[in-house]
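Visitor: Residue numbers for the sequence shown follow my numbering, so the first one is 6 and each next one is one higher.
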Amino acid sequence: MCNMTFEETSGENSSERMESVAKALEEVLSSALPQGCITVGVYEAAKSLNADPDNVVLCLLATDDEEDVALQIHFTLIQAFCCENDINILRVSNMRRLAEIVGGGKPGGEPTDLHCVLVTNPQSSLCKDPALSKVHRFCRDSRCLDQWVPVINLPDR
């Protein structure tokens, strides 16, 4: 059921709504991280999705390089799996900001693969989190508009 008004889908409220959802996404990531409910990396995400897809509440696909064909193939496979298992998906731009939120790597080590980030269902109250509900509502409303993988720009801080 889609409850979006015309103003919400194409108007001044659209940019405000996107900012609101981006802020909610940051809240979700910030609260899930200390609980150990974040899986980072394409390979690690694929393993987690295969092992327990019912535990995944959100999938983020991030890239600043649209030309990487191998990465796009991975994204297509992950998107198909998530759609088949009713997992909400968001495409995230601004990988630098994503790295700031979830931790972009170990000091002196290789940078972390942030192309795929999964948020899993914790034992605590994240599943009742209003920020997560807002992100889920945005994903649902986007699907009603035939935007199966909506794009969110994480604003710089």
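We treat Cβ as the ideally placed atom computed from N, Cα and C, and that holds for glycine.
#1: Assign V33 to buried or exposed, taking buried as 16 or more other Cβ atoms, counted over all protein chains shown, within 10 Å of its Cβ.
#2: What residue does the alpha helix (DSSP H) around N55 start on, and which one ends it?
#3: Taking contact to mean at least 3 C-beta pairs separated by less than 8 Å, is the stretch 71-91 in contact with the stretch 21-36?
#4: Closer than 6 Å by C-beta to K133: which residues in its own chain qualify, once you throw out the five before and the five after it? Chain order, please.
#5: Quick one: what's got a C-beta closer than 6 Å to V62's C-beta in the same chain, skipping five residues either side?
#6: Does the separation of the CB atoms of S147 and P135 fall below 8 Å?
#7: Counting along the chain, where does the beta strand (DSSP E) carrying L63 start and finish?
#8: Can you tell me which residues form a DSSP beta bridge with L95?
#9: Measure the Cβ-Cβ separation of A51 and V97 and say whether it is below 8 Å.
#10: Just reading off the beta strand (DSSP E) that F87 is part of, what are its end residues?
#11: H79 to V47, Cα distance in whole Å?
Guide: So, from the listed chains and residues:
#1: Taking all protein chains in view, the Cβ of V33 is crowded by 16 or more other Cβ atoms within 10 Å, so the residue is classified as buried.
#2: Per DSSP, N55 belongs to the alpha helix (DSSP H) from V47 to A56.
#3: Contact between the stretch 71-91 and the stretch 21-36 is absent, because fewer than three Cβ pairs lie under 8 Å.
#4: So the list is empty, once near-sequence residues are dropped.
#5: Setting aside the 5 residues that flank it on each side, V62 is surrounded in the same chain by V124 and N126, each with a C-beta closer than 6 Å to its C-beta; the list follows chain order.
#6: Cβ distance not < 8 Å, so S147 and P135 don't count as in contact.
#7: Counting along the chain, the unbroken beta strand (DSSP E) around L63 starts and ends at V61 to A67.
#8: L95 has L65 as its beta-bridge partners, per DSSP.
#9: Not a contact, by the Cβ cut-off of 8 Å.
#10: Note that residue 87 is Cys in the sequence shown, not Phe. Here C87 belongs to no beta strand (DSSP E); instead the alpha helix (DSSP H) covers V74 to E89.
#11: Rounded to whole angstroms, H79 to V47 spans 8 Å at the Cα level.
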